[in-house]
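A.B. asks: I have a structure I would like to understand better, so I am pasting it below and will then ask my questions one at a time.
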Amino acid sequence: MKYQELVQEIKNRGLRRAYVLYGEDEGQIREVVELIEEKVAVASTDVFNYIRLDGQKAEWSALQDALWTLPFLGDKKFVEIYRADFFTGNAVYKDWEQKIRLVEDFLKEPPKETTLVVTFLTELEKKDSRVKALEKKADSKLCAVVKFPALKKENALQFIDHYLTVENRSLSPHLKTYLKESFEGSLLQLEQDLDKIFAYCAGREVEKRDVDLLLTQSGTRHKYDLTDLVLSGKAKEAVLLYNELMEKRGDPHEILETIGWRLREAYQWRVRIACGLPLTAIMKELNERLPWLAERKMNTYRTLSLRRLSQMFRLLVQTEERMKGSPTDPFREMEMLILTLCATHSIR
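5 is the number of the first residue of the sequence shown in our numbering; add one for each residue after it.
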């Protein structure tokens, strides 16, 4: 099943009892999760029946309670396990095998009272063996396991044609080709840009200058891009992206956790690089399976000094303590953290 098919199914046929959504296109995944939330109609203020768990931090027992307890003072429960990175099989995640089995058992016989959504980001081109096993064990009528790949040039034209058919719009062939070659980002962003272009050109034919004016050129922008900007010391761009994420229902605490996770990953790479380990040895120790991705990480993290990483960890911990231990404004705390982390770029 693909993104468009899944959205149409949710809108027109109703919900299944469980969804596993994974891949690179975080924007599309978030859109589908929000669509499912609307259909379930459990208020986010219902602390007993609206449950969001961080897959990187939640204990096995917390996952079990969320999945297998009945709704409290209601007939429906919504459970989201985001950042379910234990599906990567990395030993850094405690009890990852037991957590995978827990989700598998739920997907075999999902109770009608609970709607489960599991999400995680991965850059794997092919399906992981664990995801394949999950699909085989899940009840295919009640569950959906869907991959959200990054947009490729060859798929963009197909998506544009689909959009034009559904929306009863038209574009000249040369403009469709120009759109395909010019756009960088997710399918969700492309759809939003097409909406903007046709709204802007209401009553007249779309021209190349309209595309140049309104088409997003920045690519898929999410909290992982934010961390890259912080590591590069690009303070202005990082703060602008942070504000953009907040406007899209971003959570300062989630961004704090993402930055912390990336810094821990950077430290694991940096100490091994400092010891002179070759790329193949680092890949084996850190369970990295994609050579191109490992090479990209090495090029990114080798420029970071251990002194700078130490200072960044110190700033991160101080901010986390303030956000959790005192009545501060999380939005402003994260904004200040981003600025101070960028300022460490001069530390060698």
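Glycine residues also receive a C-beta, built at the ideal position from the N, C-alpha and C atoms. These numbers were taken from a predicted model, which means no experiment stands behind them.
Going by C-alpha to C-alpha distance, which of Tyr-305, Lys-240, Asp-255, Ile-85 sits closest to Ala-270?
C.D. replies: Answer by Cα proximity: Tyr-305.
A.B. asks: Whole angstroms are fine: how far does the CA of Ala-22 sit from the CA of Gly-264?
C.D. replies: Taking the straight line from one Cα to the other gives about 29 Å.
A.B. asks: Report yes or no: do the stretch 308-326 and the stretch 236-255 share at least 3 C-beta pairs separated by less than 8 Å?
C.D. replies: The stretch 308-326 is not in contact with the stretch 236-255.
A.B. asks: Pairing CB atoms from the stretch 320-332 with CB atoms from the stretch 225-241, are three or more of them under 8 Å?
C.D. replies: Because the criterion of three Cβ pairs below 8 Å is not met, the stretch 320-332 and the stretch 225-241 do not touch.
A.B. asks: So what does DSSP say about Asp-58, is it helix, strand or coil?
C.D. replies: Strand.
A.B. asks: Figure out for me which residue from Ala-142, Arg-208, Arg-34 has the closest Cα to the Cα of Arg-105.
C.D. replies: Nearest C-alpha to Arg-105: Ala-142.
A.B. asks: Please list the segments of the alpha helix (DSSP H) lying wholly inside the stretch 72-138, counting only runs of 4 or more residues, in order along the chain.
C.D. replies: Runs of the alpha helix (DSSP H) inside the stretch 72-138: 100-112.
A.B. asks: Verify whether the separation of the beta carbon atoms of Trp-72 and Gln-102 is less than 7 Å.
C.D. replies: No, the Cβ-Cβ distance between Trp-72 and Gln-102 is not below 7 Å.
A.B. asks: Roughly how many whole angstroms lie between the Cα atoms of Gly-207 and Lys-81?
C.D. replies: Computed Cα separation, rounded: 46 Å.
A.B. asks: Could you give the uninterrupted runs of the alpha helix (DSSP H) lying entirely in the stretch 310-336, keeping only those of 4 residues or more?
C.D. replies: Those alpha helix (DSSP H) runs which fall completely within the stretch 310-336 and span 4+ residues are 310-329.
A.B. asks: DSSP on Asn-45, reduced to helix/strand/coil?
C.D. replies: The sequence given here places Ala at residue 45; Asn does not occur at that position. Here Ala-45 sits in coil by DSSP.
A.B. asks: Just to confirm the assignment, what range does the beta strand (DSSP E) spanning Lys-151 have?
C.D. replies: Taken as a continuous stretch (DSSP letters only), the beta strand (DSSP E) holding Lys-151 covers 147-152.
A.B. asks: Is it the case that the Cβ atoms of Ile-55 and Val-83 are separated by a distance below 7 Å?
C.D. replies: Yes; because the gap between Cβ atoms is below 7 Å, this pair is in contact.
A.B. asks: In the DSSP assignment, what residue or residues form a beta bridge with Val-24?
C.D. replies: Val-24 is bridged to Val-122, Val-149.
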